[in-house]
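Residue numbers (full-length UniProt numbering), protein chains in the order written: chain A, 1 to 415; chain B, 1 to 726; chain C, 1 to 357. Don't be surprised by glycine CBs; every beta carbon is placed ideally from N, CA and C. Have a look at the structure below before the remarks.
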């Protein structure tokens, strides 16, 4: 336990000090951390899933608070919670299915039954599955059976078979933990291979002799372009340098070294160049539930330019970047203002900031992100394929359960 | 001295260590600044625990050390050591993985030197260490500096220290950095980055800087900087500690240690500098730097050490547009205005129509209605009742301001002071529940004895008016802070504190700058008068001479023309008086002139302007002159402190009447009388002018004759007994 | 109360929906709302018992009118309650009979006011939920019936709570210092703003006048009581004030399958202006307002008529547009705040289509 505790603190610290950059790295580390949290969490006899969920939530709350702007952390926490729920459900379903096959075999079956005593396995499964989906018109009333059935639970479970129950429960608990860890492993695997899966689709989107524009640097974009190149597509790439961090320079260097025809332009030249461009391909920091994206600063401008010239604006995003939240006031709340020293040399301008003698009128604002509204995005390419912005909520419904939207245990009030 | 043996031994040991075992990076954090600049606040709470943008300062330093990769920190506590230790014990700092914080307590250390000697005795420092004081805010990365230090050390074991510096322009008028510290002159070898010269108390009165001849002889190239800020972050080798122990008179890190090494050339030890560019580092030395660094934090130069990221405790702060930082659970009235670049702590209540601009407000404060807060630092749990006005003040925890009270710029209210209803606390006063200690601490003397004496001498003469204004606070009985007020207003002590405006949180007003500039110039003049020091090869006209140096005519003409042009521009563009004074001052400096020249030139320009203005008769010309003289009187009189200068004006006028503007000839006496009435020219000046002219030719005495009546009247009016006759 | 409700004349010129609203809002005030709210709280529990023996002359319309007179209770929720009462008072002995009875009741409810979208929508949804196949698996009729009642009550309760849920969900979107333009008097919108004011958010509200029933005036009165800064804006000044506005927040009479909304006349126009100035348009609507309509244009829905008073006699030759509501297509809406969560119009569309597939 102390081990996990220090791991958590360490990660929280790193997040707080902004030492981890890039949503992929963050997502992966978060998933690995949660895996060790789960594996070290002692599971009680009953309600193993609840115990795990509470443990993950407690850690998740800290992680999210450490860097609320890095949405990948929250995404991963919610994904893991969803995984726990799902695994618990599939175990329950399997157990009940077993029960159906061998009706009335022994005491243990009763024990198994006490969770879902009256209803058929299918009904239970359907009912429980519904809890994993966001509330919808259909599911609005579906959970009634469970709540109605709950009073039975206490009455029907006999005291006599305590022993056998505990044996079974603990084995099931271990099984649950095992399954969850397996699933989290898969998640980690997915995160680390999401580049490849996205890149595989490159040939479908990039055609011969096209001109592609991108801004800043994104590993996903790099892999995507290179994958197309490897498939013998020949095309040109314009790279907007991405002030003030100029990561576009790095991307251009990398692309050129892989033999792609690359042109570097300033961010301000995007509009001038866009008419020659066939497609804009960019990475995102996070994809919001409405299909809007949080992306490196400058991309909103690029998206508007692309819209003006009807150039498709394609966003590449691994599924760990899908965030089940809606952006409210995204320019402020989901932004990070970094040090002005990336823009100006402090020494050169220090006299303009000398508030003592009345020179304190120079202010520098250095936002990290832009919010690009969904209507400017033409297509999302995720590791599961290409999607329309308005479809993002469906993906989100697949990955997250509605109960986890708010990871904090307190209900979220206020902004 | 015995230093060589010891340090040599240590060097070899530490080098072995470097190669064999990895020595954890250590740091010494001095949780005491050994100064009294933050009094009266520091009488009750140590400086490192004072909140800087609502977070105790030491947290900034520790956070930086941790993120810079330091693994072991020794916190040296002296004043209020219990408070520091208690704070650290309650905080999370003592339980961090990979980052150990150890406190070292010593009650009788009075300087940084003593502190380092105590640490040396403890024998805890194994290798290179970072020396920092607990009031430093930085986000720099140490890797590069450490690497450089280590490499130099490998090549030359005498490179014992690397100082971190940062470029930051100083204010040329008052020779002060934006942090409120004195301008530092450093000579640095541009190739090796070796520090060759360090002077933080340059004597501006002489306007010169003395570099050793050998410095220039020994170093092929050398660059002299005055725009570098000393960040007070040093990477030191263990030798530094033994050096302090060997030289037990070393107290101050810079004044004694650095200068000592540079000047005395002890064992050939060398100091190097590391300049940071995009990173931030600054030390809070006085109230001015407290203000500046707070603003830098709010403007995010210290990222990620900014309020919304670095939340110590549980309350999260959110950044909104325009740099407004808001804690949680603030109750703010709909009509209250919070201006840009303001921080509001959680749980604070703000009433109707209250305005908070460019300020920091702590947690749990209660601010009433119709309050104006501008540029203030208000700490936790402060109560400000309706209608108060606070400008550029520091208000500590638990202060209560009764309704309608006012804080003028530069006020510091220490803990739990109560300001009575409607009371106006005068500018730059320090108020505390504690009486001002009578004896200055010995460390203060040690540290600042030389500085204070230097400052007082400059201030004495010129700051007279201000000083007496400030001294008024002397006469306020200590407990009197208005009706219901509690606290003592500290009397200004002699020396040092007269220059309160330099170091307070209030912005420096223009007239202060002007005064400072003037003070400096007067100083220069005094010296020039006395020693006749040539400044730049050109001879300076002696103001005592009644005739001008002929050699100087060219430059004089230029100067007059420039002044005239400046004056005309001032008239046409409606420039303020003090700006005009500033400009004339700069001309004066660049042409190497004295006040009398300025007075003459200015007067000439005014009269010329008056005569050039349309006028129909002699009367209207006089009116013109009167109008102009009244308008710009202040500028002119600022150069007429002396009789010589006034005589110069009269002479100039005479000259004009004879040559360039003969129209004035018949009006000479009239205008002279007017100037006398307006106090531009004093009686004595006129009389001594007459006296001077006594022996001159008849032709030169035309105007004396014309003014005879006036002179006569002057002579008779005050003293009837004067029977001297012409 | 009952008499009052049934006595309401069916004026063909005025849709019953607006008559109800008129009747309620004539007297509505926040104190009265609060009283009504506390009064309604115990009612859900009593609902099943009130009319069990009221045998032959049970009329769903009467029951509906009884519920409808609670001003805080939406018409749709009243309908749901009434239908629930139908089940509990039914003397049917088979599932089939019960279903037929329910169907008739719901039809008569719908027929009572064909122009009320939420009434129709709620009746449809109720039928859909309550009679869903999974519930009818039980062989025993009585247990099935009790389960139906259970469901019906739950649905009624969910609908009743919907406003509170929506108010909570939408808090995040109201940020400090924002200006919100609202149109008409929607009780959900009012609930949202009330909660925001309660949470000490600092915001400003622009209320449109809301001709012809001037519902905006009422909203502004209510908001002023909560010390929220309000500004009244005549309906035609929407475009003029839009640049000061940060978001538009409207309620809805009904949410249709396209994801668009049907709301008080003028909403469409406000949404168009907001859209052209790139301001978000948020809709607060309870899920029982999700209706099975797919309007293709404005004329595609049954017009709900409402008298328009011009203050001067209008010559009989002059035609007057009396329609009380318009249809706002989904592309002009940013998000819908519903008790199912915050949804984009396309999600709403998906939900509805799936439900009635």
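| Item | Value |
| --- | --- |
| Thinking just about the alpha-carbon of each residue, which of A:347, A:338 and A:271 is nearest to the one in residue 311 of chain A? | A:271 |
| Could you give the first and the last residue of the continuous alpha helix (DSSP H) run that contains residue 307 of chain C? | Run containing residue 307 of chain C: none; DSSP gives neither H nor E here. |
| Measure the C-alpha to C-alpha separation of residue 335 of chain A and residue 54 of chain A and round it to an integer number of angstroms. | 29 Å |
| Which residues does DSSP list as the beta-bridge partners of residue 229 of chain B? | B:166 |
| Is there at least one Cβ from chain B nearer than 8 Å to residue 353 of chain A's Cβ? | yes |
| Just to confirm my understanding: we take residue 399 of chain B, look at its own chain, exclude 5 residues before and 5 after, and list those with CB closer than 6 Å. What are they? | 382, 413 and 417 |
| What ranges does the alpha helix (DSSP H) occupy inside the stretch 134-211 of chain C, keeping only unbroken runs of at least 4 residues that lie completely in it? | 141-169 and 187-198 |
| Going by C-alpha distance, which of B:674, B:56 and B:146 is nearest residue 284 of chain B? | B:56 |
| For the beta strand (DSSP E) containing residue 430 of chain B, list its first residue and its last residue. | 430-432 |
| Note down, in chain order, each residue of its chain lying with its Cβ closer than 6 Å to the Cβ of residue 98 of chain C, except the 5 sequence neighbours on either side. | 90 and 92 |
| How about residue 200 of chain B and residue 189 of chain B: are their beta carbons less than 8 Å apart? | no |
| Taking C-beta pairs closer than 9 Å, name the residues in chain A that residue 632 of chain B reaches, listed in chain order. | Residues of chain A passing the Cβ test: none, with the nearest at roughly 24 Å. |
| Relative to the C-alpha of residue 322 of chain B, which candidate in A:202, A:365 and A:188 has its C-alpha closest? | A:365 |
| Please list the partners that residue 240 of chain A has in chain C, where partner means a Cβ-to-Cβ separation under 7 Å. | Within chain C, no residue comes near residue 240 of chain A; the closest Cβ sits about 24 Å away, beyond 7 Å. |
| Could you tell me which whole beta strand (DSSP E) segments of length 3 or greater appear in the stretch 221-292 of chain A? | 236-240, 261-265 and 279-283 |
| Residue 344 of chain C touches chain A at which residues, Cβ-Cβ below 7 Å? | 290, 390 and 393 |
| Show which residues of chain B have a CB atom less than 8 Å away from the CB atom of residue 346 of chain A. | 166, 167, 168, 277, 278, 280 and 301 |
| What residues in its chain sit with their C-beta under 7 Å from that of residue 154 of chain A, if we drop five residues either side in the sequence? | Model confidence at residue 154 of chain A stands at a pLDDT of 35, short of 50, so the residue's coordinates are unreliable; what they give is reported in the following sentence. Closer than 7 Å at the Cβ level, and outside the excluded window around residue 154 of chain A, lies no residue. |
| What residue does the beta strand (DSSP E) around residue 76 of chain B start on, and which one ends it? | 72-77 |
| How is the alpha helix (DSSP H) around residue 349 of chain A delimited, first residue to last? | 346-349 |
| Is it a yes or a no for the stretch 12-31 of chain A touching the stretch 190-201 of chain A, going by three-plus beta-carbon pairs under 8 Å? | yes |
| Less than 8 Å between the beta carbons of residue 64 of chain A and residue 73 of chain A, yes or no? | yes |
| Take residue 274 of chain C as the anchor and find which of C:156, C:241 and C:296 has the nearest alpha-carbon. | C:241 |
| Where does residue 56 of chain B fall in DSSP's three states? | strand |
| For the alpha helix (DSSP H) containing residue 674 of chain B, list its first residue and its last residue. | 668-677 |
| Tell me which residue opens and which closes the beta strand (DSSP E) that residue 136 of chain B is part of. | 136-138 |
| Is there a Cβ of chain B sitting closer than 8 Å to that of residue 360 of chain A, yes or no? | yes |
| Using the beta-carbon count (16 or more within 10 Å), is residue 116 of chain A buried or exposed? | Caution applies to residue 116 of chain A, whose pLDDT of 38 falls short of 50 and renders its modelled position unreliable; the value that the coordinates give is listed next. Burial call: buried. |
| Of all the CB atoms in chain A, is at least one closer than 8 Å to the CB of residue 336 of chain B? | no |
| Residues in the stretch 321-352 of chain B with C-beta within 7 Å of chain C's C-beta atoms, listed in sequence order? | 331, 332 and 334 |
| Decide if the stretch 247-255 of chain C is in contact with the stretch 179-198 of chain C; the criterion is three or more beta carbon pairs, one per stretch, under 8 Å apart. | yes |
| Do you know whose CA, among C:322, C:343 and C:317, lies nearest residue 326 of chain A's CA? | C:343 |
| Name the chain A residues that come within less than 9 Å of residue 189 of chain C, Cβ to Cβ? | Result: empty, since nearest Cβ-Cβ is about 17 Å, beyond 9 Å. |
| What are the uninterrupted segments assigned as alpha helix (DSSP H) that are 4 or more residues long and contained completely in the stretch 43-91 of chain A, given in chain order? | 48-66 |
| Three-state secondary structure (DSSP) at residue 2 of chain C? | Residue placement at residue 2 of chain C is poorly supported in this model, since its pLDDT is 38, which falls under 50; the coordinates still yield a value, given next. Three-state result, residue 2 of chain C: helix. |
| Can you tell me whether residue 279 of chain C is buried or exposed? The criterion is at least 16 other CB atoms within 10 Å of its CB, across all chains shown. | buried |
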